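Report on the structure given below.
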Amino acid sequence: MHRLFRSVQTVADGLLRQQYLCNRTVATTLFLAAHLGKPLLVEGPAGVGKTALAQALAGALNTPLVRLQCYPGLDEAKALYEWNYQKQLLYIQVAAGSKQVWEELRQDIYTPEFLLARPLLKAFLSEKPVVLLVDEVDKSDEELESFLLEALSEFQVSIPELGTIRARHIPFTLLTSNSSREFSDALKRRCLHLYIPYPTAEQERAIVALKVPGIDGRLAAQVVDFVHNLRRLPLKKSPSIAETLDFARTMLLLEAKQLELRVVAEALNVLLKYQEDVEKVMTRLGDLLPEVREEDGVPAAQGTLPRAVAAGEETEEEPGGVDLSRFNF
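Just so we're aligned, residue 23 is where the sequence shown starts under the working numbering, counting upward by one.
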């Protein structure tokens with residue numbers, strides 16, 4: 023077992039070194055998934071950091087990330103393997119001159135040499151343990167869900183021409199979903215479940231301080247408060263954490279000292295991706311902007327970052343790690 027999973031605290035500190043700030047629920051669930059050897063089903067709104075969690079985990083483990091991006095119509099072949107038909111055809115043409123009988127030729131062309139491994143098989147055949155990300159699995163069809171259920175329950179797959187292939191190492195598997203459809207009880211039973219909501223204002227301020235170095239704490243607080251006001255509206259698409267960070271960087275680029283009506287109106291398209299949302303917010307923008315208060319935070323340089331990052335520490339010792347209790351949802 024990797025030292026990252028020595029305790030819940032080492033998981034949190036390891037992710038923090040990858041600039042991923044999580045709460046205790048996330049760290050505990052990752053710790054349990056590793057020790058129980060179960061896939062992890064991560065659900066939540068789009069843009070709360072589900073994919074970034076897999077990327078941060080791979081970085082913390084210093085192992086490759088293998089990603090299977092799901093979409094409607096994705097089938098077993100595209101997720102698992104395909105035969106290199108061009109290479110097979112070329113081999114047949116070359117072998118034709120030797121008058122090789124078909125039965126011998128068929129055995130030659132259906133070998134690993136002609137196999138194109140797709141993400142799932144690539145993860146199973148990897149020489150070292152990997153993080154397998156099955157991203158946006160709710161966009162796939164139910165047939166693929168059934169296939170994944172079979173493959174991830176025993177971590178083996180069947181290829182008719184080659185037989186059963188077992189994973190050399192069991193990958194740490196994360197399945198992400200934006201909750202656009204329900205999954206079968208069988209899939210949920212075989213996975214640990216984690217729901218990641220939008221972060222609290224305090225956590226999002228810490229994320230902004232972590233990801234946007236140099237931003238004034240008062241401006242960061244105003245940006246986060248404004249985004250949280252937008253998320254309370256019935257928008258077609260609420261701003262994600264990534265869009266909060268883009269908006270914070272935009273304010274720095276525009277040299278804004280605080281959120282002002284004119285500057286925010288000009289940069290609103292950084293946060294909102296649909297014109298109908300922009301028009302809805304513009305009609306009440308003045309009411310949505312946070313009030314400027316003296317207590318709205320301190321400059322980032324004065325210690326808004328979690329200790330493990332602010333001090334630049336590389337140790338995995340538990341004492342002095344990030345205080346997860348501050349970031350519980």
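Note that the Cβ used here is the ideal one computed from N, Cα and C, for glycine as well.
A quick note: this is a predicted structure, and the numbers were derived from the prediction, not measured.
In this structure, DSSP gives residue 107 a helical state, which the three-state scheme calls helix. If you ignore the 5 residues before and after residue 220, its C-beta comes within less than 7 Å of the C-beta of 67, 70, 253, all in its own chain and listed in chain order. Taking the Cα positions, residue 55 is about 16 Å away from residue 78. Beta-bridge annotation (DSSP): residue 215 is paired with 63. With three or more CB-CB distances shorter than 8 Å, the stretch 93-108 counts as touching the stretch 161-180. A Cβ-Cβ separation of about 12 Å leaves residue 293 out of contact with residue 246 under the 8 Å criterion. Taking residue 256 as reference, the option from 300, 270, 35 with the minimal CA-CA separation is 300. Note that the stretch 89-96 does not touch the stretch 42-57; fewer than 3 beta-carbon pairs, one per stretch, sit closer than 8 Å.
Look at residue 36 here: in three-state DSSP terms it is helix. For residue 61 against residue 284, the beta-carbon gap comes to about 49 Å, at or over 8 Å, which does not count as contact.
Between residue 136 and residue 110, the gap from beta carbon to beta carbon is short of 8 Å. DSSP places residue 88 within a strand segment (E or B) once states are collapsed to three.
By the CB criterion at 8 Å, residue 217 and residue 258 fall outside the cutoff. When the Cα atoms are used, residue 44 and residue 264 turn out to be separated by approximately 15 Å.
Rounded to whole angstroms, the gap between the alpha carbons of residue 26 and residue 312 is 40 Å. If you compare the alpha carbons of 23, 42, 35, 32 with that of residue 228, the shortest gap goes to 42. The Cβ-Cβ distance between residue 82 and residue 37 falls below 8 Å. By the neighbour-count criterion, in which 16 or more other beta carbons inside 10 Å mark a residue as buried, residue 309 falls on the exposed side. Under the 10 Å beta carbon count, residue 240 is surrounded by 16 or more other beta carbons and is classified as buried. Exclusion of the five residues before and after residue 85 leaves 150, 151, 152, 153 as the residues of its chain whose Cβ lies within less than 7 Å of its Cβ. Secondary structure note for residue 28: it is in no beta strand (DSSP E), with a DSSP letter that is neither H nor E. Taking 8 Å as the cut-off, the beta carbon of residue 196 is found closer than this to the beta carbon of residue 155. Judged by their CB atoms, residue 198 and residue 157 are nearer to each other than the 8 Å cut-off. Residue pairing by DSSP puts residue 196 in a beta bridge opposite 62, 155. Contact between residue 187 and residue 179 holds: CB atoms are separated by about 6 Å, below the 8 Å threshold. Relative to the Cα of residue 232, the nearest Cα in the group 278, 270, 261, 202 belongs to 270. Taking residue 106 as reference, the option from 97, 88, 134, 89 with the minimal CA-CA separation is 134.
Contact annotation: residue 304 and residue 289 have beta-carbon atoms that are not nearer than 8 Å. Residue 95 sits in coil when the DSSP states are folded into three classes, being neither helix nor strand. In this structure, the CA atom of residue 214 is about 20 Å from the CA atom of residue 88. For residue 179, the enclosing beta strand (DSSP E) stretches over residues 178-181. Residue 72 counts as buried, since at least 16 other C-beta atoms from the protein chains shown sit within 10 angstroms of its C-beta. Counting along the chain, the unbroken beta strand (DSSP E) around residue 186 starts and ends at 185-188.
Shown here, residue 43 sits in coil according to DSSP, grouped into three states, outside any helix or strand.
The three-state secondary structure of residue 138, taken from DSSP, is strand.
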